[in-house]
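Each residue of the sequence shown is one higher than the one before, counting from 2 in my numbering.
Notes follow the structure.
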Amino acid sequence: MDFSENYSYKFAEEVQSLHFGGSRGQVSLHTVVAYLKEGRETVNHCLCTVSECTRHDSPAVWAHLQKALQFVFEKCPYITTAHILTDSPTSQYRNKQIFYILTQLRDTFPSLKLVTWNYQESGHGKGAPDGIGAVVKRTADHQVKCGRDVGDFSTFLAVVRENIKNVEIKVVEEHEIIEKELLLPKDISPFKGTMLVHQVIWNSGSEFLEFRKLSCFLCLDKICEHEDKHMQLHKIYKSVVESAVQNIKVIPPSKRITVLSDVSIQYYNRNNNPSTSGTRKIIKSVKRLADVKFDWTNQTFINTQQKVSNGHEEAFLRFINERSFENTE
Numbered sequence: 002m003d004f005s006e007n008y009s010y011k012f013a014e015e016v017q018s019l020h021f022g023g024s025r026g027q028v029s030l031h032t033v034v035a036y037l038k039e040g041r042e043t044v045n046h047c048l049c050t051v052s053e054c055t056r057h058d059s060p061a062v063w064a065h066l067q068k069a070l071q072f073v074f075e076k077c078p079y080i081t082t083a084h085i086l087t088d089s090p091t092s093q094y095r096n097k098q099i100f101y102i103l104t105q106l107r108d109t110f111p112s113l114k115l116v117t118w119n120y121q122e123s124g125h126g127k128g129a130p131d132g133i134g135a136v137v138k139r140t141a142d143h144q145v146k147c148g149r150d151v152g153d154f155s156t157f158l159a160v161v162r163e164n165i166k167n168v169e170i171k172v173v174e175e176h177e178i179i180e181k182e183l184l185l186p187k188d189i190s191p192f193k194g195t196m197l198v199h200q201v202i203w204n205s206g207s208e209f210l211e212f213r214k215l216s217c218f219l220c221l222d223k224i225c226e227h228e229d230k231h232m233q234l235h236k237i238y239k240s241v242v243e244s245a246v247q248n249i250k251v252i253p254p255s256k257r258i259t260v261l262s263d264v265s266i267q268y269y270n271r272n273n274n275p276s277t278s279g280t281r282k283i284i285k286s287v288k289r290l291a292d293v294k295f296d297w298t299n300q301t302f303i304n305t306q307q308k309v310s311n312g313h314e315e316a317f318l319r320f321i322n323e324r325s326f327e328n329t330e
């Protein structure tokens, strides 16, 4: 499966400003070719999920993938093993969020026992999903050339469904992508060596994902025995309860909130005497705010208070003398 290039809405007749520089609306296309075993034969089914939301990040991948798996399970309800093959852009498929999504597929599809996600390296060339995207966009463009406007999502959907019979068209709503985004935890554990991964294996019998440098389908139920393929077992995410316990932050006494009017933090050395020694040990202690001004560390405050007090006393004495002089007159 793969994201195809977005389709831009077009009209049969366009003014020059729109044709060359218009901000056109777009449709996101995610194409899938599913190969299913029916008896001894392998049958392929083509699917294209379309959305007005043009996001291509991990939540969007999850929403499009769920539609694809629903389509597959409609064709074959008893699937226990799924092999997913994509390219490997880190913004879409090869990242820690996709690794987490791999562990959550069984919640929606309980019959799944084994899922592998296989990554192609860059420069792999075109594949079957690219052909689906080309057919969908070429069909819409052909209708535009025939005089039909494809200027909104509903028209695009009607055009491709009317004219393409061998490709199933499913719609992914924007709220479905937002829902998947809200389900992704913020503290997913990253895997060191993600850029070297070419196969990830999830097994219902293990709480760990297995990461491999190369794909191997002979050792799916055990650690790969072939040389230089196995990388590491990794627990990408624990249960909700375990994660919550890990995220509890114990506030140290020095960081606890206190009322400023009641306490003040005083720093003093081991002997409680002024010192310029570089080995002085700094300790936090709680002291009443009323006593801070008497401490040697607050000499600036004491000097300021003395100046203010002296000024007030002089003004008060001057006022008394003036009043006494007026009374004698």
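A virtual CB, placed ideally from N, CA and C, is assigned to each residue, including glycine.
Since this is a predicted model, take the numbers as computed values, not measurements.
Quick one: what does DSSP say residue 83 is sitting in, helix, strand or coil? strand
Counting Cβ pairs, one atom from each stretch, are 3 or more of them under 8 angstroms apart for the stretch 109 to 116 and the stretch 138 to 147? Here the stretch 109 to 116 does not lie against the stretch 138 to 147, with fewer than 3 beta-carbon pairs under 8 angstroms apart.
Closest Cβ-Cβ distance between residue 74 and chain B: below 7 angstroms? Judged by its chain identifiers, the structure shown contains no chain B, having just a single protein chain.
Kindly list the residues whose CB is nearer than 8 angstroms to the CB of residue 229, restricted to its own chain and excluding five residues on each side of it in sequence; keep chain order. 214 and 215
Restricting to Cα atoms, I'd like to know which of 2, 78, 131 and 151 is closest to residue 85. 2
Taking the continuous beta strand (DSSP E) assigned at residue 213, which residues delimit it? Per DSSP, the unbroken beta strand (DSSP E) holding residue 213 starts and ends at 210 to 213.
Report the residue from 220, 66, 99 and 209 whose alpha carbon sits nearest the alpha carbon of residue 234. 209
What separation, rounded to the nearest whole angstrom, lies between the Cα atoms of residue 128 and residue 164? 22 angstroms
Does residue 232 come out as helix, strand or coil in the three-state DSSP assignment? strand
Is it true that the stretch 69 to 89 meets the stretch 177 to 191, where meeting means three or more beta-carbon pairs spaced less than 8 angstroms apart? no
Beta strand (DSSP E) containing residue 170: first to last residue? 168 to 172
Status (buried if at least 16 other CB within 10 Å, exposed otherwise) for residue 60: buried
Considering only the beta carbon of each residue, do residue 177 and residue 64 sit closer than 7 angstroms? yes
Note down the Cα distance separating residue 49 from residue 38, rounded to an integer number of angstroms. Distance from the CA of residue 49 to the CA of residue 38, rounded to the nearest whole angstrom, comes to 20 angstroms.
Assess contact between the stretch 86 to 104 and the stretch 192 to 205, defined as three or more Cβ pairs (one per stretch) separated by less than 8 angstroms. Is contact present? yes
Does the Cβ of residue 95 have 16 or more other Cβ atoms within 10 Å, making it buried, or fewer, making it exposed? buried
Assign residue 12 to one of three DSSP states: helix, strand, or coil. coil
Selection from 92, 6, 10 and 319 that minimises the alpha carbon distance to residue 134: 6
Buried versus exposed, by CB contacts within 10 Å (16 or more), residue 155: exposed
If you draw a straight line from the alpha carbon of residue 58 to that of residue 181, how long is it in whole angstroms? 11 angstroms
One or two residues paired with residue 31 in a DSSP bridge: 4 and 50
Residue 252 classed as buried or exposed, judged by whether at least 16 other C-beta atoms fall within 10 angstroms: Residue confidence for residue 252 is low, a pLDDT of 43 falling below 50, so the modelled location carries little weight and cannot support an answer.
Grab the span of the alpha helix (DSSP H) containing residue 119 for me, first residue to last. Per DSSP, residue 119 belongs to no alpha helix (DSSP H); it is in the beta strand (DSSP E), 115 to 120.
Kindly indicate which residue of 29, 41 and 40 has the alpha-carbon position closest to the one of residue 52. For residue 52, the closest alpha carbon among the candidates 29, 41 and 40 is that of 29.
Starting from the C-beta of residue 320, find all residues in its chain whose C-beta is less than 7 angstroms away, skip the five residues before and the five after it, and write them out in chain order. none
Can you tell me which of 91, 104 and 137 puts its alpha carbon nearest to the alpha carbon of residue 120? 91
Am I right that residue 168 and residue 136 are in contact with their C-beta atoms under 8 angstroms? What's the rounded C-beta distance? 7 angstroms
Taking the C-alpha atoms as reference points, what is the distance between residue 217 and residue 227? 8 angstroms
Output the distance between the C-alpha atoms of residue 270 and residue 316, rounded to the nearest integer angstrom. For residue 270, the pLDDT reaches just 42, beneath the cut-off of 50, and the residue's location in the model is therefore unreliable, although a value from the coordinates is still provided. Between residue 270 and residue 316, the C-alpha separation is close to 41 angstroms.
Where does residue 198 sit, in a helix, a strand or coil, going by DSSP? coil
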